[in-house]
Amino acid sequence: MAGTKMLKLPEVLTEIGMSRAAFYRMRARGQAPRLVKLPNGHLRVRRTDLDNWLSNLDSPAY
1 MAGTKMLKLP
11 EVLTEIGMSR
21 AAFYRMRARG
31 QAPRLVKLPN
41 GHLRVRRTDL
51 DNWLSNLDSP
61 AY
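Taking UniProt numbering, the leading residue of the sequence shown gets 1, the next gets one more, and so forth.
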């Protein structure tokens, strides 16, 4: 676990090109990558969780 890369929420939002509000709407619907809440209250996303979430989004665009 010590080697797991943890991304800050602004880093995730920049990478996926999404606003904070849109991200939280997706999170409320259970469609966002899993967040980890640190003891200090900050939110992080594991790099592996984000990569898995992105790979599961693959769908054909017609």
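For glycine and all other residues, C-beta sits at the position ideal for the given N, C-alpha and C. Note that the coordinates shown come from a computational prediction; the quantities given were computed from them, not determined experimentally.
In its chain, beyond the 5 residues on either side, no residue has a beta carbon closer than 8 Å to the beta carbon of Gly17.
In the three-state reduction of the DSSP assignment, Arg34 falls in the coil class, being assigned neither a helical nor a strand state.
Taken atom to atom, the span from the alpha-carbon of Thr14 to that of Gly30 is near 20 Å.
Note that the C-beta distance between Lys5 and Arg47 is below 8 Å. For Arg46, the uninterrupted beta strand (DSSP E) segment begins and ends at Leu43 to Arg46. As the crow flies, the alpha-carbon of His42 is around 32 Å from that of Ser59.
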